[in-house]
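Number of protein chains: 2
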Amino acid sequence: MVKIAVMGYGVVGSGTVEVFYKNLSGIESKIGDKADIKYILDLRDFKGTPYDDKFIKDFNLILNDPEITVVVEVIGGLNPSYGFVKSLLEAGKSVVTSNKELVAEKGAELLHIAREKKVNFFFEASVGGGIPIIRPLHHCMSANEIDEIAGILNGTTNFILTKMINEGMAFDDALSTAQKLGYAERNPAADVEGHDSCRKICILASLAFGKHVYPKDVYTEGITGVTLEDVQYCNDFGGAVKLIGWASRRGERAAVMVCPAFISSESQLAGVNDVFNAILVRGDATGDVVFYGKGAGKLPTASAVVSDIIMAAKMHNNSKSLYWEDSDKDFVLDLSGLENKFYVRLICKDKTAALKKAEEMWGKLKVLHRDDESENEAAFITAKINERKFREDCAVLSELAEIKGKIRVLDY
Amino acid sequence: MVKIAVMGYGVVGSGTVEVFYKNLSGIESKIGDKADIKYILDLRDFKGTPYDDKFIKDFNLILNDPEITVVVEVIGGLNPSYGFVKSLLEAGKSVVTSNKELVAEKGAELLHIAREKKVNFFFEASVGGGIPIIRPLHHCMSANEIDEIAGILNGTTNFILTKMINEGMAFDDALSTAQKLGYAERNPAADVEGHDSCRKICILASLAFGKHVYPKDVYTEGITGVTLEDVQYCNDFGGAVKLIGWASRRGERAAVMVCPAFISSESQLAGVNDVFNAILVRGDATGDVVFYGKGAGKLPTASAVVSDIIMAAKMHNNSKSLYWEDSDKDFVLDLSGLENKFYVRLICKDKTAALKKAEEMWGKLKVLHRDDESENEAAFITAKINERKFREDCAVLSELAEIKGKIRVLDY
Numbered sequence: 004m005v006k007i008a009v010m011g012y013g014v015v016g017s018g019t020v021e022v023f024y025k026n027l028s029g030i031e032s033k034i035g036d037k038a039d040i041k042y043i044l045d046l047r048d049f050k051g052t053p054y055d056d057k058f059i060k061d062f063n064l065i066l067n068d069p070e071i072t073v074v075v076e077v078i079g080g081l082n083p084s085y086g087f088v089k090s091l092l093e094a095g096k097s098v099v100t101s102n103k104e105l106v107a108e109k110g111a112e113l114l115h116i117a118r119e120k121k122v123n124f125f126f127e128a129s130v131g132g133g134i135p136i137i138r139p140l141h142h143c144m145s146a147n148e149i150d151e152i153a154g155i156l157n158g159t160t161n162f163i164l165t166k167m168i169n170e171g172m173a174f175d176d177a178l179s180t181a182q183k184l185g186y187a188e189r190n191p192a193a194d195v196e197g198h199d200s201c202r203k204i205c206i207l208a209s210l211a212f213g214k215h216v217y218p219k220d221v222y223t224e225g226i227t228g229v230t231l232e233d234v235q236y237c238n239d240f241g242g243a244v245k246l247i248g249w250a251s252r253r254g255e256r257a258a259v260m261v262c263p264a265f266i267s268s269e270s271q272l273a274g275v276n277d278v279f280n281a282i283l284v285r286g287d288a289t290g291d292v293v294f295y296g297k298g299a300g301k302l303p304t305a306s307a308v309v310s311d312i313i314m315a316a317k318m319h320n321n322s323k324s325l326y327w328e329d330s331d332k333d334f335v336l337d338l339s340g341l342e343n344k345f346y347v348r349l350i351c352k353d354k355t356a357a358l359k360k361a362e363e364m365w366g367k368l369k370v371l372h373r374d375d376e377s378e379n380e381a382a383f384i385t386a387k388i389n390e391r392k393f394r395e396d397c398a399v400l401s402e403l404a405e406i407k408g409k410i411r412v413l414d415y
Numbered sequence: 004m005v006k007i008a009v010m011g012y013g014v015v016g017s018g019t020v021e022v023f024y025k026n027l028s029g030i031e032s033k034i035g036d037k038a039d040i041k042y043i044l045d046l047r048d049f050k051g052t053p054y055d056d057k058f059i060k061d062f063n064l065i066l067n068d069p070e071i072t073v074v075v076e077v078i079g080g081l082n083p084s085y086g087f088v089k090s091l092l093e094a095g096k097s098v099v100t101s102n103k104e105l106v107a108e109k110g111a112e113l114l115h116i117a118r119e120k121k122v123n124f125f126f127e128a129s130v131g132g133g134i135p136i137i138r139p140l141h142h143c144m145s146a147n148e149i150d151e152i153a154g155i156l157n158g159t160t161n162f163i164l165t166k167m168i169n170e171g172m173a174f175d176d177a178l179s180t181a182q183k184l185g186y187a188e189r190n191p192a193a194d195v196e197g198h199d200s201c202r203k204i205c206i207l208a209s210l211a212f213g214k215h216v217y218p219k220d221v222y223t224e225g226i227t228g229v230t231l232e233d234v235q236y237c238n239d240f241g242g243a244v245k246l247i248g249w250a251s252r253r254g255e256r257a258a259v260m261v262c263p264a265f266i267s268s269e270s271q272l273a274g275v276n277d278v279f280n281a282i283l284v285r286g287d288a289t290g291d292v293v294f295y296g297k298g299a300g301k302l303p304t305a306s307a308v309v310s311d312i313i314m315a316a317k318m319h320n321n322s323k324s325l326y327w328e329d330s331d332k333d334f335v336l337d338l339s340g341l342e343n344k345f346y347v348r349l350i351c352k353d354k355t356a357a358l359k360k361a362e363e364m365w366g367k368l369k370v371l372h373r374d375d376e377s378e379n380e381a382a383f384i385t386a387k388i389n390e391r392k393f394r395e396d397c398a399v400l401s402e403l404a405e406i407k408g409k410i411r412v413l414d415y
């Protein structure tokens, strides 16, 4: 009999318990053993659930119970989750989590403890909700060198951008619609500023490249600066604006960023709308593989947690699985060395002069148009240009025009 | 040291050897042991490869060598592969294959032997080339009940349909272009008649539903009947014609078919072009998840084979993994009980009378148009209708009009 503890009875926690009991006979046949949830840890009271007898408030009951071999952490945040998970792994218990902050900040350390103790630390639900991505990245593509990852990793921002693109809704209106529908939090910063996407690309990049990528080292730009004008110009470009988490292998180091980007409508990422997520993985042997589905939600995320529970129960005391090392501080490259195409939107003092200057600095421009374009407005796509040079050139150009928008153009 | 044998040195076999040695150090660290290919079995001579000393022509050298624990079967076809694989599993060796015909026809039997002998029989490369699909279906979605699968499973036919849709190329021209580019065989029947897609949906359905779905029980319709007129009407419908392998859970039984279908351009499957494949999996907890990538090709397929080699080497003598049972003969439902919408194209003796009759039988019609539509031509989408009734009604309608096209409309 495998005895499990669930820490946290919020959306994901209650979903996990629900999915677990709904599919228990199938789960047991996959584990090859009977299984049960012995404890549910939550400081709040949940009277009248069918699991009344399982609720506890004292973490030490779990830590000190030798019957418990697999613990699910779905509290979220670093505190107290980090301390809890560390103690559990050190006590020789396998841990399953959906906590992206925990994995993005402390993954290497926790994986190291898990390996030492020959137990497992799994986190399929931390990226892409119910989309299988962590395990396929690790297992199924194990014969590949993964060169690049580009993903729409946050459903809230993708919903907002979809509303802006398809319905011409302004950012603020789209955000409040998302809030009304429960897709965005009252404080939407973690989503719209790109921090959620940043944690997720850190996890994917760490796994793909084998060394920890820390959020603090990743250039992160959200979608609060994206305007309806940008969206309209992107339509003329023949694509859609998406918030992309991006990671690329550069020799022994890595380039990683989160930013809004123009994506050609030919791309499999351009058609990913509403709250859906999609992750493109470029392997040296497989070419591009894309995983698509609901990136959040109670049941999708819970099903990812439960699939990890099954694997942890099957593989307990056999930690040959996920792993990455810690990294030194310059593992992630500064963006300055990268080259990208940029979309730029200007309000010009002298349009002819501004465009001439831009073309001098940035190569042949692809000029874009939109309905209701004002006379002194100009928008274009540059040639590929070094990021640092682009920043410096923008300072020069700003003497001739106000730069109202600049968004990278990524090629997938 | 894990000693491996590769049977068959064609496209996939030589790719497997190439990917194996290219990534050997990474592979060994994932296995947790040294690994080498000891034999390559092929009746043909391959002089001057770096592996000259490994080639053998006698299968029994592999079968009787106790050092060999993992054998790769990439010969293809049922004969001699079936006999070889069966003997190997019975001798306690794990087998990895890319052979969809073998798995679709003999999967239940071979999985049963593997389980008895506590070894593994893996076949990630048999569906979707380098797209991870078999293992994600089994593992990552193990907390789901999988209700439905719909896939673009054959790159050759998808290439032909893409040429017809995007370039207005006729079927025959698109086929010969595919042949010139090496995407289609000189005898293209297995692809264009749908047999290749049929084997693949059988494998996916067997895994998803836990019982063997045999190709002979699956209604299979290829794309040879799809015309440019159909493609044009589908454009007016707002979608694309795709060859779909489809499987749906129906209580304790399954509905499975392969047929061309109108797919709305809103669907993630509609934008899958050229030789790409995509597989949509509908789970009761995850909702729709889509896996997209190159469904064939030397290196993608080889990388799937090598990832199975890694797993087989790690898990040898531990066969808790993939499994499905044999099924009785009526596990797969006859199509007659299903309901679908249909696209129908008519050349009418009396157009008004034909459309009136069609609407009487099939509910409110959505009439479609195309450029250069002839005066006596009519095309429409029916309401949802029982498959058997539709067939019978077509006989009635054919007194008023010649039925030039009928294609199912699937909703994803």
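As they're listed, the protein sequences go chains A and B. Everything in the first sequence is counted per our numbering, starting at 4 for the first residue and increasing by one. Everything in the second sequence is counted per our numbering, starting at 4 for the first residue and increasing by one. By construction, the Cβ of each residue, glycine as well, lies at the ideal position given by its N, Cα and C atoms. Just so we're clear, the structure is a prediction, and the values are computed from it rather than from any experiment.
Cβ pair residue i, residue j closer than 7 Å
i	j	result
ALA211/B	ILE149/B	yes
VAL22/A	PHE162/A	no
ALA257/A	ALA208/A	yes
ALA250/B	ILE152/B	yes
ARG2/B	LYS407/B	Residue 2/B is absent from the structure shown; chain B starts at 4 and stops at 415.
SER145/B	SER310/A	yes
LEU66/B	SER97/B	no
ALA305/A	THR19/A	yes
VAL74/A	ALA8/A	yes
CYS201/B	VAL216/B	no
LEU140/A	GLU104/A	no
GLY95/A	VAL122/A	yes
Buried versus exposed, by CB contacts within 10 Å (16 or more), residue i
i	result
MET314/A	buried
ALA192/A	exposed
PRO135/B	buried
VAL399/B	exposed
ASP199/B	buried
GLY228/B	exposed
GLY254/B	exposed
ASP194/B	buried
ARG328/B	Looking at the sequence itself, residue 328/B is Glu, so the reference to Arg does not match. GLU328/B should be labelled exposed.
Beta-carbon neighbours of residue i, restricted to chain B and to distances below 7 Å
i	result
VAL309/A	ALA146
Residues bridged to residue i (per DSSP)
i	result
ILE371/A	As written in the sequence, residue 371/A is Leu, which differs from the Ile given in the question. Answer is ALA382/A.
PHE124/B	VAL98/B
PHE2/B	Any property of residue 2/B remains undetermined from this structure, which presents chain B solely from 4 to 415.
PHE58/A	ILE43/A
LYS3/B	Residue 3/B is absent from the model: chain B starts at 4 and stops at 415.
THR52/B	THR52/B is not bridged to any residue.
Neighbour list for residue i in chain B, Cβ cutoff strictly below 8 Å
i	result
SER3/A	There is simply no residue 3/A to check, as chain A begins at 4 and stops at 415 in what is shown.
Contacts of residue i in chain A (Cβ-Cβ under 7 Å)
i	result
ARG348/B	Those within 7 Å of ARG348/B in chain A number zero; the least Cβ separation is about 28 Å.
LEU302/B	ALA288
VAL22/B	ALA146, ALA288
From the options, residue whose alpha carbon lies closest to that of residue i
i	options	result
GLN182/A	GLY158/A, ILE7/A, GLU342/A, LEU371/A	GLY158/A
ASP61/B	THR52/B, GLU70/B, ARG47/B	ARG47/B
ASP353/A	LEU403/A, ALA8/A, SER339/A, VAL244/A	LEU403/A
GLY11/A	GLU112/A, ASP68/A, GLY241/A, VAL99/A	VAL99/A
LYS109/B	GLU119/B, LYS120/B, GLY95/B, PHE124/B	PHE124/B
LYS409/B	SER401/B, LEU64/B, TYR346/B, ILE350/B	TYR346/B
MET260/B	LEU358/B, LYS301/B, GLU196/B, SER267/B	GLU196/B
ALA264/B	GLU362/B, ASP291/B, TYR236/B	TYR236/B
PHE383/A	ALA361/A, GLU269/A, LEU114/A	ALA361/A
LEU44/B	VAL335/B, PHE58/B, LEU283/B	PHE58/B
Contacts of residue i in chain B (Cβ-Cβ under 9 Å)
i	result
ILE313/A	HIS142, SER145, ALA146
LYS120/A	Under the 9 Å cutoff, chain B gives no residues; its nearest Cβ is about 17 Å from LYS120/A.
TYR295/A	GLN271, ALA281, LEU283, ASP291, VAL292, VAL293, PHE294, TYR295
Interface residues of chain A facing residue i [CB-CB closer than 9 Å]
i	result
ASN26/B	SER145, ALA146, ASN147, GLU148, ASP287, ALA288
Per-residue contacts from residue i into chain A (C-beta, under 8 Å)
i	result
ALA211/B	Chain A residues near ALA211/B: none, gap ~12 Å exceeds 8 Å.
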